């Protein structure tokens, strides 16, 4: 997966591609990756096998396309929450809440982590560099926007962006801990006390 | 593994237990977990099979004992570096450098991550709560010592300790990134700029 190209390559989907991706997502959420066949997806999408294979020659291509669309959707949803916030501090707080809540509620991610960890763990850990890079790039842009606007001091935003990405990374892989992830009031209090000061390095 | 009891249960090893653990560590580093048999360990340690099985009835018991000793040794080594530092800020800087360097150079951890990831990833991720808790507990104690001595402000040290543990957690699982991990001068500069401010929450 070339995750770093996710945001760039957001070409509009035609109708049958969208139906294929919707059907595949639904099947993966319900049956997992291993048990879902290309035939299952074609049937569910109401399209012919030839059309499916023309677009996605291998099962892995389809899995990747579904994954990329989920990443794009996730970032777009977090972006909506972040853009509602009034200032840099609140963007940190609301961004943290939106991302943690979004990951906690992400059906496909949680389904695969619990039922097919061997299929997703390597890509999220040993080969997870592109995932970290994607999150870091997104967060760096957000921080730099606030720096250009003069809302926060001018420092190298990239390591800070990576620390945030890595905090979330660890929380996705190992949710158990004392950092609050369920009660939004507590999550906001945590972010205000412990994350907002990061903006003042 | 009851990692939370690691530090408490550091009872002194008798001579043959130490020989067994040394032999097992050496074999795991050289051949991995899967290919090392109990017989290999008994032979290498120069002890009888009966003695080995009396102490470690199952292969997993031996693996766990070796793992716990490595965690204890790792913490003891980091502790030496941290205790040399002159103040709370330097303890953060030297602790970061010691931990990152120690993990990067840890032969068994790196051997298993690269050759038998399926054997270690679940315990370091989905079932990694005890590992995070152990690191958090250790770091919390360190921060609270500095708080009691009046070197840093009084705040709830536990979430801060967990953020540090999670940063390192992510870096162990996915080293690739922009946070420096090799050149010590760069690692110190990173820790001074981005981690020391955490102490001023």
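Protein chains in written order, with this note's numbering: chain A, 5 to 205; chain B, 5 to 205. Idealized CB from N, CA, C, for every residue including glycine. Given the structure is predicted, the values throughout are model-derived calculations rather than measurements.
{"Query": "Name the two residues that bound the continuous alpha helix (DSSP H) containing residue 160 (chain B).", "Result": "Where residue 160 (chain B) is concerned, there is no enclosing alpha helix (DSSP H), given that its DSSP letter is neither H nor E."}
{"Query": "Taking the alpha-carbon positions, what's the residue 65 (chain B) to residue 179 (chain A) distance?", "Result": "26 Å"}
{"Query": "Of all the residues that make up the stretch 55–80 of chain B, which are near chain A by a beta-carbon distance shorter than 7 Å?", "Result": "none"}
{"Query": "Could you tell me whether the Cβ atoms of residue 1 (chain A) and residue 52 (chain A) are closer together than 8 Å?", "Result": "For residue 1 (chain A) there is no data in the structure shown, the boundaries of chain A being 5 and 205."}
{"Query": "Say yes only if the C-beta of residue 50 (chain B) is nearer than 7 Å to one or more non-hydrogen atoms of the ligand SAM, and no if none qualify.", "Result": "Among the components of this structure there are no ligands whatsoever, and the ligand SAM is therefore not found."}
{"Query": "For residue 109 (chain A), which three-state DSSP category applies?", "Result": "coil"}
{"Query": "May I ask you to verify whether the stretch 173–188 of chain B touches the stretch 187–196 of chain A, counting CB pairs closer than 8 Å and requiring at least 3?", "Result": "no"}
{"Query": "What's the gap between the Cα of residue 46 (chain A) and the Cα of residue 17 (chain A)?", "Result": "17 Å"}
{"Query": "Establish whether the CB of residue 204 (chain A) and some CB of chain B are separated by less than 8 Å.", "Result": "yes"}
{"Query": "Under a Cβ-count criterion, where at least 16 other Cβ atoms within 10 Å of its own Cβ denotes burial, should residue 189 (chain B) be classed as buried or exposed?", "Result": "exposed"}
{"Query": "Counting beta carbon pairs with one atom in the stretch 124–139 of chain A and one in the stretch 167–178 of chain B, are three or more of them shorter than 8 Å?", "Result": "yes"}
{"Query": "Please identify the residue among A:164, A:170, A:72 and A:181 whose C-alpha is closest to the C-alpha of residue 201 (chain A).", "Result": "A:164"}
{"Query": "In terms of residue numbering, what span does the alpha helix (DSSP H) encompassing residue 23 (chain B) cover?", "Result": "19–35"}
{"Query": "Hey, how far is the Cα of residue 63 (chain B) from the Cα of residue 136 (chain B)?", "Result": "25 Å"}
{"Query": "Work out the CA separation of residue 27 (chain A) and residue 142 (chain B) for me, nearest whole Å.", "Result": "47 Å"}
{"Query": "Could you pull the start and end residues of the alpha helix (DSSP H) that residue 63 (chain B) belongs to?", "Result": "63–88"}
{"Query": "Closest Cβ-Cβ distance between residue 181 (chain A) and chain B: below 8 Å?", "Result": "yes"}
{"Query": "Give me the residue from B:34, B:154, B:59 and B:79 with the minimum Cα distance to residue 99 (chain B).", "Result": "B:79"}
{"Query": "Would you mind sorting residue 170 (chain A) into buried or exposed? The rule is 16 or more other CB atoms within 10 Å of its CB.", "Result": "buried"}
{"Query": "So is residue 105 (chain A) in contact with chain B if we call contact Cβ pairs under 8 Å?", "Result": "no"}
{"Query": "Nearest by alpha-carbon distance to residue 32 (chain B): which of B:118, B:172, B:151 and B:181 is it?", "Result": "B:118"}
{"Query": "Between residue 110 (chain B) and chain A, is the shortest Cβ-Cβ distance under 8 Å, so that the two count as touching?", "Result": "no"}
{"Query": "Which chain B residues are close to residue 155 (chain A), counting only those with a beta carbon under 7 Å from its beta carbon?", "Result": "Within 7 Å Cβ-Cβ: nothing; residue 155 (chain A) doesn't reach chain B, min ~17 Å."}
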